[in-house]
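A short worksheet on the structure shown next.
Numbering (our numbering), first residue to last: 1 to 458.
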């Protein structure tokens, strides 16, 4: 693909701020666009006359399965891209290409397997997650078409980090933009004009994901790509040591996504027991708001990660330290602003998804509780980004498990016994405070101090 207007970013020289922002800016935009695949669906579905509130409960029940597919995309995409960036920093472009092709092969294989298994056992899985009656029927109507696009969805999101790792974040943004604009246009056409309702929203999402995946593939096989996608390498690149390296580093992001899926399933099941479909719909809105406000943090992480990986591979510890300081400050500032906005103007967020007065009032209360300590999550994001970018998989995996599995899941089950249904939403701020402080403090003691000592010796 000839892209004369797309410039490659030099991660090893020049301004750290410019390098991070040049990478993060398009990535934040790309992340926001990617988020619209599902968020736009919920916005339109919540406004279907006479069934919007109920439909949101059915869509919310599907979240754990959709999160699980995203987890596998993160495992092979975010796991391999930092390794490819490190190899590029060392000048080993052949090895970087092998990482890229190995990740692509694993994305296709795992995506196909997930699609088959979920299609076969969808009713049983949704029932396990707390669906019943109308919410089960609605969930299946949406889930079956969406699952058919699993492989394309995973390619679109899993291979995008490789475009960014090569210094082309703007191109990565464009591949997402193509699919997102298509989805925004098809949603109202399929849902309201053609009258296909929830099924139309799912079909629009799948078509958009297919186009986005094809755009990613076209660039990675084109002339501008430094590390290329090549059919001749799809099988030969799957060497045990390389696969182990990719999955080991990607395990942190994978566990974070899988535990998100687990938390969503446990929360929906608990809400079904203590509050019913109204609170499941409220959780769908709260989770959607969380995805929206976390997206810039994820974009910042994806923009800064290759800068850290490249300079770590090149042995430039001073630049690495400045990058860590920058992303920490930006993350905390952003999270603090969002926290304040949600506390002051919650209806501005909830009204995006529903105008039902009863649901809106419930969602606002839940939103206040859920986001009470959101600023501490910035510490978790910053610490996790450093661990993953530097290949410290043990710490990255541990803190992914610590906040979600060790803290959130037990709290989601225990707190409702004392606080009622609001205990489900209170589990998040408690885990943010404890998990965020623990993760960042560990990063400071195990990474920052060593980098400081290494910088002094240079």
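Ideal Cβ placement from N, Cα and C applies to all residues, glycine included.
Quiz item: Where residue 437 and residue 282 are concerned, what is the direct C-alpha to C-alpha distance, given to the nearest angstrom?
Solution: Along the chain shown, one-based indexing puts residue 437 at 437. Along the chain shown, one-based indexing puts residue 282 at 282. Approximately 28 Å between the Cα atoms of the pair.
Quiz item: Of all the options 197, 159, 140, which has the alpha carbon lying nearest to the alpha carbon of residue 123?
Solution: As a first step, residue 123 is located in the chain shown; it is residue number 123 there, counting from the start. Per the Cα distances, 140.
Quiz prompt | Distance between residue 138 and residue 4 (C-alpha atoms, nearest Å) | solution = Sequence index remark: in the chain shown, residue 4 carries index 4 (1-based). Sequence index remark: in the chain shown, residue 138 carries index 138 (1-based). Because the pLDDT at residue 4 is just 45, under 50, the model does not fix this residue reliably, and the point stays unresolved.
Exercise. Would you mind reading off the limits of the alpha helix (DSSP H) that contains residue 189?
Key: Residue mapping note: residue 189 aligns to position 189 of the chain shown, counting from 1. No alpha helix (DSSP H) contains residue 189, which DSSP labels as neither H nor E.
Quiz item: In three-state DSSP terms, what is residue 415?
Solution: Taking the chain shown and counting its residues from 1, the one referred to as residue 415 is at position 415. Three-state result, residue 415: coil.
Quiz item: Within this structure, are the beta carbons of residue 248 and residue 77 separated by less than 9 Å?
Solution: The count along the chain shown starts at 1 and reaches residue 248 at position 248. The count along the chain shown starts at 1 and reaches residue 77 at position 77. No; because the gap between Cβ atoms is not below 9 Å, this pair is not in contact.
Practice problem: Since I believe residue 91 is in contact with residue 12 (beta carbons under 8 Å), could you give me their beta-carbon distance rounded to a whole number of angstroms? | Solution: Residue mapping note: residue 12 aligns to position 12 of the chain shown, counting from 1. Residue mapping note: residue 91 aligns to position 91 of the chain shown, counting from 1. 11 Å between Cβ atoms; not a contact.
Quiz item: Between the region 228-240 and the region 92-108, do three or more beta carbon pairs fall short of 8 Å?
Solution: The region 228-240 and the region 92-108 touch, with no fewer than 3 CB-CB distances between them shorter than 8 Å.
Practice problem: Closer than 7 Å by C-beta to residue 24: which residues in its own chain qualify, once you throw out the five before and the five after it? Chain order, please. | Solution: Translated into positions along the chain shown, residue 24 becomes position 24. Answer for residue 24: 299, 300, 303, 304, listed in chain order.
Quiz item: Around the Cβ of residue 32, are there at least 16 other Cβ atoms within 10 angstroms (buried) or fewer (exposed)?
Solution: In the chain shown, residue 32 corresponds to position 32, counting from 1. Per the 10 Å Cβ criterion, buried.
Practice problem: Measure the CB-CB distance between residue 271 and residue 64 and report whether it falls below 9 Å. | Solution: Against the chain shown, residue 271 aligns to sequence position 271. Against the chain shown, residue 64 aligns to sequence position 64. Judged by their CB atoms, residue 271 and residue 64 are not nearer to each other than the 9 Å cut-off.
Quiz prompt | From 44, 387, 39, 352, residue whose alpha carbon lies closest to that of residue 197 | solution = Translated into the one-based positions of the chain shown, residue 197 becomes position 197. Per the Cα distances, 44.
Quiz item: For residue 164, which of helix, strand or coil comes out of DSSP?
Solution: The residue you call residue 164 lines up with position 164 of the chain shown. Correct three-state label for residue 164: helix.
Quiz item: Hey, would you say the C-beta of residue 211 is under 8 Å away from at least one heavy atom of the ligand ZN?
Solution: Absence of the ligand ZN is noted for the structure shown, with no ligands found whatsoever.
Practice problem: Ignore the nearest five residues each way along the sequence and tell me which others in residue 330's own chain have a CB closer than 7 Å to its CB. | Solution: If you number the chain shown from 1, residue 330 lands on position 330. So the list reads 300, once near-sequence residues are dropped.
Practice problem: Report the residue ranges of all alpha helix (DSSP H) runs contained in full by the region 283-364; include only those spanning at least 4 residues, in chain order. | Solution: 317-344, 346-350
Self-check item: Any C-beta of chain D under 9 Å from that of residue 291
Solution: In the structure shown, chain D cannot be found, because there is only a single protein chain.
Exercise. Give the straight-line distance between the Cα atoms of residue 69 and residue 142, rounded to the nearest whole angstrom.
Key: The residue you call residue 69 lines up with position 69 of the chain shown. The residue you call residue 142 lines up with position 142 of the chain shown. Whole-angstrom Cα-Cα distance: 15 Å.
Quiz item: Using the C-alpha atoms, what's the distance from residue 128 back to residue 417?
Solution: Taking the first residue of the chain shown as position 1, residue 417 is located at position 417. Taking the first residue of the chain shown as position 1, residue 128 is located at position 128. Using only the alpha carbons, I get a separation of about 21 Å.
Quiz prompt | C-alpha distance - residue 446 paired with residue 151, whole-angstrom precision | solution = Taking the first residue of the chain shown as 1, we reach residue 446 at position 446. Taking the first residue of the chain shown as 1, we reach residue 151 at position 151. Going from the Cα of residue 446 to the Cα of residue 151 covers about 38 Å.
Quiz item: Any chance the region 207-215 sits against the region 170-179, with 3 or more Cβ pairs inside 8 Å?
Solution: yes
Practice problem: Could you work out which residue in 265, 159, 117 is closest to residue 59 when comparing CA atoms only? | Solution: If you number the chain shown from 1, residue 59 lands on position 59. Looking at the Cα atoms, 265 is the closest of the given residues.
Quiz item: Can you tell which of 87, 200, 146, 28 has its C-alpha closest to the C-alpha of residue 172?
Solution: Taking the first residue of the chain shown as position 1, residue 172 is located at position 172. The candidate whose alpha carbon is nearest that of residue 172 is 28.
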